[in-house]
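Heads up: the sequence shown is residues 1 to 238, going by UniProt numbering.
For each residue, glycine too, the CB sits at the ideal point set by N, CA and C.
Notes to accompany the following structure.
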Amino acid sequence: MTSIQQNIEQITSQIEAAQQKCGRSRETVQLLAVSKTKPNEAILEAAQAGQRAFGENYVQEGANKVAHFSEHHPELDLEWHFIGPIQSNKSRHVAENFAWVHTIDRSKIAQRLNDQRPAGSEPIQVLMQVNTSGEQSKSGLNEDEIFELAELISSLPNLTLRGLMSIPANVTDYASQLSAFTQLAELKEKLAQRYPEQKIDTLSMGMSGDMEAAIEAGTTMVRIGTAIFGARDYSNKA
1 MTSIQQNIEQ
11 ITSQIEAAQQ
21 KCGRSRETVQ
31 LLAVSKTKPN
41 EAILEAAQAG
51 QRAFGENYVQ
61 EGANKVAHFS
71 EHHPELDLEW
81 HFIGPIQSNK
91 SRHVAENFAW
101 VHTIDRSKIA
111 QRLNDQRPAG
121 SEPIQVLMQV
131 NTSGEQSKSG
141 LNEDEIFELA
151 ELISSLPNLT
161 LRGLMSIPAN
171 VTDYASQLSA
181 FTQLAELKEK
191 LAQRYPEQKI
201 DTLSMGMSGD
211 MEAAIEAGTT
221 MVRIGTAIFG
231 ARDYSNKA
């Protein structure tokens with residue numbers, strides 16, 4: 001049985017190989033370890049292997065983990081990303097606990113996160129979720145909505161707009177994957193040109209099955225869970 005450390009080393013090698021293949025510099029792609037449903041012990045093992053950024057999908061579960069590591073392992077200085085859907089009645093927990101939020105697709109949520117961020121805290125680094133596939137079942141903004149929401153976020157003092165995130169259609173052929181990711185990368189560049197005062201430098205796209213295409217298209221953050229931690233147990237999600 002491979003260890004979490006070995007899994008992280010393997011994924012890191014794959015990221016570096018993909019960067020080299022398409023002529024990108026090393027360390028331009030961050031590995032976000034998706035730790036949803038995983039116990040604190042598994043996260044600690046990953047952290048001890050050098051992983052610092054973790055992504056959570058469920059508000060209460062994620063808030064509990066943030067509290068645990070803040071209390072018991074503050075020296076690790078972990079960076080917590082919220083990558084799941086946000087309900088209005090749970091936005092305060094997100095605002096109070098997470099450094100990054102990847103899934104903003106409504107002005108109401110952006111405003112609530114801004115208003116509920118504790119005084120004295122650093123601004124939340126936020127990404128807008130884009131629906132690149134056009135599937136009605138998927139959350140996310142279309143191109144026109146992106147710029148409308150960006151206008152609001154750029155005016156909110158407790159949010160810093162950093163870029164875009166997507167969960168594309170589950171397709172296996174490389175060309176289709178690359179096309180969807182390239183579309184998002186082009187949108188990010190348009191956004192950066194329109195808001196030069198913002199630090200719009202982040203694309204959160206790419207998972208285990210489409211990571212290479214995402215890296216070729218320009219992703220700066222890949223979200224990897226099962227390949228690091230193994231199969232998930234959803235019986236205790238909150």
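Legend entry - A217 versus E197 - alpha carbon distance: 24 Å
Legend entry - Y174 classed as buried or exposed, judged by whether at least 16 other C-beta atoms fall within 10 angstroms: exposed
Inset, instruction - Could you tell me which residues DSSP puts in a beta bridge with L32? - result: R223
Inset, instruction - Express the C-alpha separation of S179 and Q125 in angstroms, rounding to a whole number. - result: 27 Å
Inset, instruction - Just tell me which of Q87, A63 and E75 has its CA closest to the CA of H81. - result: A63
Legend entry - Cβ-Cβ distance between L161 and A169 below 8 Å: no
Legend entry - Length at least 3, wholly inside the stretch 66-112: the beta strand (DSSP E) runs in chain order: 79-82 and 100-104
Legend entry - Three-state secondary structure assigned by DSSP to G163: strand
Inset, instruction - Throw me the rounded Cβ distance for the V101 and I224 pair, which I believe falls under 8 Å. - result: Between I224 and V101 the Cβ distance is about 19 Å, and since that is not below 8 Å, they are no contact.
Inset, instruction - Using beta-carbon positions only, say whether A99 and Q116 come within less than 8 Å of one another. - result: no
Legend entry - Nonlocal neighbours in the same chain, by C-beta distance under 7 Å from K199, ignoring five residues either side: T160 and R162
Inset, instruction - Would you mind reading off the limits of the alpha helix (DSSP H) that contains Q10? - result: I4 to K21
Legend entry - Sequence-distant residues of its chain with Cβ nearer than 7 Å to residue 242 (five each side left out): The structure shown does not extend to residue 242, since the chain is modelled only from 1 through 238, so no value can be given for it.
Inset, instruction - Go ahead and label D77 buried or exposed: buried means 16 or more other beta carbons lie within 10 angstroms of its beta carbon, across all protein chains shown. - result: exposed
Legend entry - Check whether M128 and I167 have beta carbons under 8 Å apart: no
Legend entry - Nonlocal neighbours in the same chain, by C-beta distance under 7 Å from A40, ignoring five residues either side: In the sequence on display, residue 40 carries Asn and not Ala. Contacts found: K65 and H68.
Inset, instruction - Count the other CB atoms, across all protein chains shown, that sit within 10 Å of the CB of E189; report buried if there are 16 or more and exposed otherwise. - result: exposed
Inset, instruction - Please go through the same chain and pick out, in chain order, the residues whose beta-carbon is closer than 6 Å to the beta-carbon of R232, but skip the five residues on each side of it. - result: T37
Inset, instruction - Please report how far the alpha carbon of Q183 lies from the alpha carbon of E148, in whole angstroms. - result: 18 Å
Legend entry - Reduced DSSP secondary structure (H/G/I, E/B, other) of Q198: coil
Inset, instruction - Please classify N97: is it buried, with 16 or more other beta-carbons within 10 angstroms of its beta-carbon, or exposed? - result: buried
Legend entry - Burial state of A17, where buried means 16 or more other Cβ atoms lie within 10 Å: exposed
Inset, instruction - Taking 8 Å as the cut-off, decide whether the C-beta atoms of V222 and A214 are in contact. - result: yes
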